[in-house]
Amino acid sequence: MTLRPGPRASRTALPAPRGTTGDTAPRPDGTAGPHGPAGPRPRPPRPRRGADRKPRFAIAVTALFFALLYLPVGVVILFSFNSQKSLTVFEGVSLRWYTTFLHDDVLLDSLGMSLRVSLVAMAGSLVLGVALALGLVRNRSRLGSFAGLVMLVPLITPEIVTGVAAMLLFKGLGITLSTGTVMLAEITFSISYVTVILRSRIAALNPEVEEAAMDLGATRRQALRLVTLPALLPSILASGVLIFALVFDDFVLAYFTTGVDPQPLSVRIYSAIRFGVQPTINAVGTLMLVGSIGLIVLALAIPRLFGRRGGLDLLSGK
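Using the numbering used here, the letters of the sequence shown correspond one by one to residues 84 to 401.
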């Protein structure tokens, strides 16, 4: 008598696929089980407390800083268009004080002197600054490194110290304070700015280009004039415009090195406000502010005009 397996025993259990289990029954919400093919839904990360909060205190401090910085400037600009002489009550819009400035011979003479000093200081500092930057980059000796450190001293020295030192130097040499002394002092003070701007730009130039020009028959001076200086032209122009704006607005150095007459415009304004602020001074200050902002914007835009990268990299010489 042979025993045959019953229907229950004849069934063979098929192994479950690797990585799955038999718990694939759907949940009441219609999704698969915890070990099913769908798997559990990932929970979104909880945001940290305070991560999305705005720094209100920092924003308030920044707003207060800019208000204290620019509100007086805004008042000067506003009252330069006042129709009356009052400096406390704005009564109407008028160009009266701008017209008065254009007919004031003393202020116009001071404006002309400031323009002359700025142009001479710009030209002199560019010539000496370019030569100094080239020498500092090309000279790899210890003397060159020391000269580079000494060149940074005028940038960190308080300007009033520089002004007093320049005045004592001129008087010690028996030189009468005049327009020439202002020009010499401004040129000396501006060389460091030009050198800092051009130094990194010269270091970024590929020296093989200049060497290739000399291999083709150019002398060292010709390679400098035909290859190096054209490559530095955007930075040189931008530096010149920036120096012009700085010298035109400078007061401390001009005050200690100027003579009696004519005086730079900044010194003339200071002399005038000691007897009371006149509305004409507001107009002059507004024109100086607009001119300085225009020159700085031009200095930052010059590299873009030559296809260079952003003008905000001016101080780094890029």
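All residues carry an ideal CB built from backbone N, CA and C; glycine is no exception.
Segment contact flag, the region 217-236 with the region 343-353, C-beta cutoff 8 Å, min 3 pairs: Judged by Cβ distances under 8 Å, the region 217-236 makes no contact with the region 343-353, as fewer than three pairs qualify.
message: Less than 8 Å between the beta carbons of glutamate 336 and alanine 268, yes or no?
response: This sequence places leucine at residue 336; glutamate is not what is there. Result yes, Cβ atoms of leucine 336 and alanine 268 sit closer than 8 Å.
query: How close, in whole Å, do the beta carbons of leucine 281 and isoleucine 243 come, if the pair is a contact with beta carbons under 8 Å?
result: With a Cβ gap of about 27 Å, leucine 281 and isoleucine 243 do not count as contacting.
query: So who's on the other strand from valine 176, going by DSSP bridges?
result: Answer by DSSP bridge pairing, in chain order: Asn165.
- prompt: In whole angstroms, what separates the C-alpha of glycine 323 from that of glycine 368?
  reply: Taking the straight line from one Cα to the other gives about 22 Å.
field: methionine 411 burial status per 10 Å Cβ neighbour count (16 or more: buried)
entry: Absent from the structure is residue 411, since the part of the chain shown begins at 84 and ends at 401.
message: Given a cut-off of 8 Å on the beta-carbon distance, is the pair serine 349 and aspartate 333 in contact?
response: In this structure, serine 349 sits near aspartate 333, with a CB-CB distance shorter than 8 Å.
- prompt: Which residues in the same chain as isoleucine 385 place their Cβ atom closer than 6 Å to its Cβ, once the five residues preceding and following it in sequence are excluded?
  reply: Closer than 6 Å at the Cβ level, and outside the excluded window around isoleucine 385, lie Pro317, Leu320, Ala321.
- prompt: Using the C-alpha atoms, what's the distance from threonine 271 back to isoleucine 326?
  reply: Approximately 12 Å, taken between the alpha carbons.
field: Cβ-based neighbour list, phenylalanine 331, same chain, cut-off 6 Å, excluding 5 preceding and 5 following
entry: Sequence-distant partners of phenylalanine 331 (beyond 5 residues in either direction) whose C-beta falls short of 6 Å from its own C-beta, in its chain, are Ser197, Ser201.
- prompt: In chain order, what residues of the same chain have a beta carbon less than 8 Å from the beta carbon of serine 375, not counting five sequence neighbours either side?
  reply: Residues of the same chain with a CB within less than 8 Å of the CB of serine 375, apart from the 5 flanking positions on each side, are Ala328, Phe331, Asp332 in chain order.
message: Classify isoleucine 258: buried if its beta carbon has 16 or more other beta carbons within 10 angstroms, exposed otherwise.
response: That one is exposed.
message: Beta-carbon within less than 7 Å of phenylalanine 184's beta-carbon, same chain only, minus the 5 sequence neighbours each way: which residues are those?
response: Result list for phenylalanine 184: Leu190, Thr363, Ala366, Val367, in chain order.
message: According to DSSP, is valine 343 part of a helix, a strand, or is it coil?
response: The three-state secondary structure of valine 343, taken from DSSP, is coil.
Pair within 8 Å by beta-carbon distance, glutamate 293 and threonine 264: No. Outside cutoff.
- prompt: Which whole-angstrom value is the C-beta distance of threonine 340 and phenylalanine 253, which I expect to be below 8 Å?
  reply: Contact flag correct, Cβ pair sits at about 7 Å.
- prompt: Which term fits leucine 151, buried or exposed, when burial requires 16 or more other beta carbons within 10 angstroms of its beta carbon?
  reply: A residue is called buried when at least 16 other Cβ atoms come within 10 angstroms of its Cβ; leucine 151 does not meet this threshold and is exposed.
- prompt: What distance in whole Å lies between the Cβ atoms of arginine 179 and serine 166, which are believed to be in contact at a cut-off of 8 Å?
  reply: Contact flag correct, Cβ pair sits at about 6 Å.
task: At 4 residues or longer, and completely inside the region 214-244: list those alpha helix (DSSP H) runs for me, N to C.
output: Runs found: 225-234, 236-239.
- prompt: Are the beta-carbon atoms of glycine 231 and leucine 217 separated by less than 8 Å?
  reply: Taking 8 Å as the Cβ cut-off, glycine 231 and leucine 217 do not qualify as a contacting pair.
- prompt: Buried or exposed: arginine 351, going by 16 or more other Cβ atoms within 10 Å of its Cβ?
  reply: Buried, because 16 or more other Cβ atoms sit within 10 Å of the Cβ of arginine 351.
query: Is the Cβ-Cβ distance between valine 360 and leucine 154 less than 8 Å?
result: No, they are not a contact pair.
Backbone CA spacing between glutamate 291 and serine 224 [nearest angstrom]: Going from the Cα of glutamate 291 to the Cα of serine 224 covers about 21 Å.
message: Quick check on the DSSP output: the alpha helix (DSSP H) that includes phenylalanine 331 runs from which residue to which?
response: Annotation for phenylalanine 331: the continuous alpha helix (DSSP H) segment containing it runs 312-332.
message: Classify isoleucine 239: buried if its beta carbon has 16 or more other beta carbons within 10 angstroms, exposed otherwise.
response: Burial state of isoleucine 239 is exposed, judged by a 10 Å Cβ sphere holding fewer than 16 other Cβ atoms.
- prompt: How many angstroms separate the CA atom of serine 399 from the CA atom of histidine 186?
  reply: Any reading at serine 399 must be qualified, since the residue scores a pLDDT of 46, below 50, and its modelled position is unreliable; no value is offered.
query: Apart from the five residues just before and just after leucine 163, which ones in its own chain have a Cβ nearer than 8 Å to its Cβ?
result: The sequence shown places serine at residue 163, not leucine. Around serine 163: Trp180, Tyr181, Pro362, Asn365, Ala366, Gly368, Thr369.
- request: Since I believe serine 177 is in contact with serine 273 (beta carbons under 8 Å), could you give me their beta-carbon distance rounded to a whole number of angstroms?
  value: With a Cβ gap of about 38 Å, serine 273 and serine 177 do not count as contacting.
Cα-Cα separation, methionine 297 to alanine 306: For methionine 297 and alanine 306, the distance between alpha carbons rounds to 6 Å.
Alpha helix (DSSP H) segment containing alanine 301, residue limits: DSSP places alanine 301 outside any alpha helix (DSSP H), giving it a letter other than H or E.
task: Confirm, please, whether the CB-CB distance from arginine 284 to leucine 315 is below 8 Å.
output: For leucine 315 and arginine 284, yes; Cβs fall inside 8 Å.
message: Classify threonine 104: buried if its beta carbon has 16 or more other beta carbons within 10 angstroms, exposed otherwise.
response: Residue placement at threonine 104 is flagged as unreliable, the pLDDT there being 49, under the threshold of 50; the coordinate-derived value follows with that caveat. Per the 10 Å Cβ criterion, exposed.
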